[in-house]
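Colleague:
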Amino acid sequence: IGVDIDTGEARTEVAYLEDQLRRLGAAHPNPTVRADTAAARELEDLNARLAGAQLSQRDAALSVREAQAELTRTVKDAGS
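Here this note's numbering is used: the first residue of the sequence shown is 1209, the next is one more, and so on.
1) Please state the DSSP three-state secondary structure of residue 1227.
2) Answer yes or no: do residue 1218 and residue 1286 have a C-beta to C-beta separation smaller than 9 angstroms?
3) Ordered along the chain, which non-local residues of its own chain (more than five positions away) have a Cβ less than 6 angstroms from that of residue 1280?
4) What is the DSSP secondary structure of residue 1212, counted as helix, strand or coil?
Given below as C-alpha cells:
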C-alpha cells in the first residue's frame, strides 16, 4: 500500500474525523447512529497514542484510513 503521510497529517485527519463523528451523533435522530459515535472515542485513543509516538507513521496512516472507512459506512448506513 502506497501510504505516505506524516504524524502531523495523521493527527489533523484524526481530529477532523472526531469532529465529524461528534456532529453526526449529535445531529442524527437515529439512536444507532448516535451509538456509532463511539468510534469517536476510538479515534481519541488513536490520537493519544500518536501523541505518545507509540505508532509509526505507516500504522497511523492505516488507522486513519480504517477510521475513514468506518465513518463512510456509518454515514451510508444512516442514509439507508
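Quick reminder that beta carbons are idealized off the backbone N, C-alpha and C, glycines included.
Computed from a prediction, not measured in an experiment: that's the story for all the values here.
Modeller: Looking at the coordinates:
1) Three-state DSSP puts residue 1227 in a helix.
2) For the 9 angstroms CB-CB criterion, residue 1218 and residue 1286 do not form a contact.
3) Same-chain partners within the cutoff: there are none.
4) Looking at residue 1212 - three-state DSSP - the assignment turns out to be coil, as it is neither helix nor strand.
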